[in-house]
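Letter by letter, the sequence shown follows residues 555 to 775 in my numbering.
The beta-carbon is built from N, C-alpha and C at its ideal position, and this holds for glycine as well.
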Amino acid sequence: MSNRTAIVMVDMQNMYLEQDKRDAFGWPPIWRFDEVVAECALLLADAREKGIPVIYTRQVSRADGADSTPTMRKLQAATVAKGDAPVDTEGAGWASQILDAVAPQPGDIVLEKLRWDAFYATELENILRNLDVNRIVVAGLQTNVCVETTSRTGMMKNFEVAVPEDAVSTDGRQLHFNGLDSLRVLYVEVAPWRELLAENAAWDRSLTTPNYGRLAEDLAV
């Protein structure tokens, strides 16, 4: 079977520009945010040039929080009680829209999602099957949350999954690297995006790299 790849660009939204509102929830700035946005833009341009399908996700929620998880509802309530404005993630709000630097182009697909997992309660799997895709590159934000959760489900659904280490990030350097190592241990291909999209890329690091994703001190006997 030939390899048919798609890009799943996760939650590259304006809400990450509203750090004052993120601060209210106790969420630090995204590590290397500007660099990662720039790499995502280059990845997208290269994918389109190669005819690789691009699928975006947008994290959305109701303004009243009725569709949020119990934990998020508690966090939102506590934030409002302190007098801090909640992050605007409602579907029509500016904060939920995709960043201009990585804006969708004609022919791209944009999906709205309610949870960290881009497969949950969306048409993502149906779209990938219709595109005859068997490989997905999961990029965007955040490494240890939506990127990791989506990647895990992608593997459970029998897709080959790769995460471009230079086109993902999260709100903490250590969380970012820990998330990548968790994915490596699950046999997700983790590499720079240029290697992942190279012609005839093998995606075999998990099989050819000794102790993939594990720290040396954890292997000491």
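Local conformation of residue i per DSSP, three classes
i, result
"A770", "helix"
"R689", "strand"
"E743", "strand"
"Q567", "strand"
"R759", "helix"
"V614", "coil"
Among the options, the one whose alpha carbon lies nearest that of residue i
i, options, result
"V744", "P718, N732 and G580", "P718"
"D735", "R706, R768 and R627", "R768"
"T703", "D565, T559 and D588", "D565"
"I681", "G708, C700, N698 and L695", "G708"
"N732", "Q696, T763, A675 and D686", "Q696"
"M710", "R727, E679, N698 and Q651", "E679"
"S615", "L729, A632 and Q651", "Q651"
"L629", "Y570, M569 and W581", "W581"
"L571", "R727, L685, N684 and A655", "A655"
"G726", "I584, V634 and D574", "I584"
Close-in-space but distant-in-sequence residues of the same chain around residue i (CB under 7 Å, 5 per side omitted)
i, result
"A721", "V590, E593, C594, L597, A693 and W747"
"L773", "N765"
"A755", "E749"
"R586", "S723"
"E714", "N688, R689 and W757"
Same chain, Cβ closer than 6 Å to residue i, five either side skipped, listed in chain order
i, result
"N557", "R689"
"N698", "T724, L729 and G733"
CB contact below 7 Å: residue i versus chain C
i, result
"L571", "In the displayed structure, chain C is absent; only one protein chain is listed."
Own chain partners of residue i with C-beta closer than 8 Å, once the 5 adjacent residues on each side are dropped
i, result
"K604", "L751"
"T623", "R669"
"A675", "K667, L668 and R669"
"D758", "E743"
"A777", "Residue 777 falls outside the range modelled here, since the chain spans only 555 to 775, and no answer is possible."
"D621", "S615 and L668"
CB of residue i within 7 Å of CB of residue j, strictly
i, j, result
"V608", "A599", "no"
"S705", "L737", "yes"
"R612", "G619", "no"
"Y610", "V664", "yes"
"V691", "A672", "no"
"A657", "N568", "no"
Residue i beta carbon near the ligand SAM (any heavy atom closer than 6 Å)
i, result
"A672", "Within the structure as shown, the ligand SAM is missing, as the structure has no ligands at all."
Every unbroken beta strand (DSSP E) within the stretch 707-732, with a cutoff of 3 residues, ordered by chain: The beta strand (DSSP E) runs of length 3 or more contained entirely in the stretch 707-732 are, from start to end of the chain, 714-718.
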